[in-house]
Amino acid sequence: MYHDDGLSSGAPAAAPEVPFYAEQAGECRLFEHAFQQRLPLLLKGPTGCGKTRFVEHMAARLGRPLITVSCHDDLTAADLVGRYLIGDGNTVWNDGPLARAVRSGAICYLDEVVEARKDTTVVLHPLADDRRVLPIERTGELLQAPPGFMLVVSYNPGYQNLLKNLKPSTRQRFVALAFDYPVAEVERRIVMAESGADERLAMRLVKLASALRHLTDQDLEETVSTRLLVVAARLVVSGLPETVACRTAIVDALTDDTDTAEALNDVVLAVLGDD
Ligand SMILES: Nc1ncnc2c1ncn2[C@@H]1O[C@H](COP(=O)(O)OP(=O)(O)OP(=O)(O)O)[C@@H](O)[C@H]1O
């Protein structure tokens, strides 16, 4: 797998093995169909619920290299497509991660795509409809995406505001897949597999997650994710008491507000007891 900050260059490495992914509701099959039909995919869901792992898993399963770009508010179309760089007195064209993915027939995953600057949609549109082309204005090329190329984007509707939203003309080019935190049984398996926790510990943490996710009177931007449960479990497995691990990995990760932290800590103590 090859992670990209949008600026460096290099060939994507072949994915060596299929990363563990616990399926939630038939999404693997849906991904395969979208890939076969050469349709781009939009994943939406809260942070830490498994979107990135899902794409890594599917890329490996389909035997495609994966190029991931974490989008941010300075990311421009040129960062994705490429630019001329000056070196040794020469001007040399440098493909960006999107152009590399198109040329090599890779899966290109644009994480938090709504963060990117608006000019990026201009390059995504012709790639995301039946034309499947990437025009590179600066070199005069028109890259036709090979069958192995797939565009996958994600965003978190929880962070959405009026300024950062996908236009209908962009959204409607994608097959959309909504993610949420896994059901308890699946989440227990994930926590065990990802942290080495035993069944008892995993069940206790999943129970805690359920209690925290049901809190409605706290002003949290987002609630405890599967990622945070895995981190807490890892700290416990390495020897920290459960309540300490949950305070640092979950409570303090979710809020900076002391009253809210206190309320969350009360839930931790109520569910886990004084271990
Ligand atoms: N279905 C799953 N199968 C396996 N691991 C999972 C699953 N869901 C969550 N995880 C665990 O949670 C961690 C976070 O998941 P991931 O990075 O895929 O979240 P994400 O939805 O992409 O988050 P973000 O929106 O912040 O990028 C993973 O590293 C993995 O340990």
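Numbering follows our numbering, in which position 63 of the sequence shown is assigned residue number 59; successive positions increment by one, without gaps. Where a beta carbon is used, it is the ideal one built from N, C-alpha and C, also for glycine.
Please return the same chain residues whose Cβ sits closer than 6 Å to the Cβ of residue i, not counting the five positions on each side in sequence.
| i | result |
| --- | --- |
| L35 | V171 |
| D91 | G78 |
| V109 | C67, V149, Y151 |
| G192 | V233 |
By DSSP, does residue i sit in helix, in strand, or in coil?
| i | result |
| --- | --- |
| D115 | helix |
| A174 | strand |
| T87 | strand |
| C104 | strand |
| K203 | helix |
| R79 | strand |
| T256 | helix |
| P309 | With the chain running from -3 to 271 in the structure shown, residue 309 is simply not present. |
| E218 | coil |
| L71 | coil |
| P131 | strand |
| E195 | helix |
| Q32 | helix |
| V279 | Examination of residue 279 is not possible in this model, given that the chain is present from -3 through 271 alone. |
| K47 | helix |
| T64 | strand |
| L208 | helix |
| L94 | helix |
| E52 | helix |
| L123 | helix |
For the putative contact between residue i and residue j, defined by C-beta atoms under 8 Å, what is the C-beta separation to the nearest angstrom?
| i | j | result |
| --- | --- | --- |
| R187 | L225 | Note on residue identity: the sequence assigns Val, not Arg, to residue 187. Indeed they touch by this definition, with Cβ atoms about 5 Å apart. |
| A257 | D248 | 7 Å |
| L162 | L123 | In fact, because the Cβ distance is near 15 Å, the residues do not count as touching under 8 Å. |
| A73 | V129 | Not quite, the Cβ-Cβ distance comes to about 15 Å (not below 8 Å), so this is no contact. |
| P142 | G83 | Not confirmed; about 29 Å, so no contact. |
| A180 | S206 | 7 Å |
| V227 | A245 | 4 Å |
| L250 | L211 | The pair is not a contact, with the Cβ atoms about 10 Å apart (cut-off 8 Å). |
| V337 | R243 | Any question about residue 337 goes unanswered here, given that the chain covers just -3 to 271. |
| F31 | A97 | Rounded, the Cβ-Cβ distance is 14 Å, inconsistent with contact. |
| G41 | A174 | 6 Å |
| R134 | I103 | The pair is not a contact, with the Cβ atoms about 25 Å apart (cut-off 8 Å). |
Report all residues from its chain with a CB closer than 7 Å to the CB of residue i; omit the five preceding and five following residues, and keep chain order.
| i | result |
| --- | --- |
| I132 | V77, G78, A95, L139 |
| L3 | The predicted model places L3 with a pLDDT of 38, which falls under 50 and marks its position as unreliable; any figure quoted below should be read in that light. Excluding positions up to five away in sequence, the list reads D75. |
| M54 | C24, F27 |
Among the residues of its own chain, which have a CB less than 8 Å from the CB of residue i, if the five just before and after it don't count?
| i | result |
| --- | --- |
| F121 | It is worth fixing the name first, because residue 121 is His in this sequence and not Phe. Taken in chain order, the residues that qualify are S165, T166, R169. |
| R113 | D69, D70, L71, T72, A73 |
| V267 | R200, K203, L204, A207 |
| A189 | F16, A18 |
Would the C-beta of residue i count as close to ligand 2, meaning under 8 Å from any of its heavy atoms?
| i | result |
| --- | --- |
| T254 | Ligand 2 is not among the ligands present in this structure, which contains only ligand 1. |
Beta carbon shell of ligand 1 at less than 5 Å from a heavy atom: Y17, A18, T43, G44, C45, G46, K47, T48, R49, I186, E190, T222, R223, V226
Inter-stretch contact (C-beta, 8 Å, three-pair minimum) for the segment 16 to 29 and the segment 37 to 57: By the Cβ criterion, the segment 16 to 29 is in contact with the segment 37 to 57, since at least three pairs of Cβ atoms, one from each stretch, lie closer than 8 Å.
Touching by the beta-carbon criterion (3+ pairs, under 8 Å), the segment 71 to 85 and the segment 202 to 219: no
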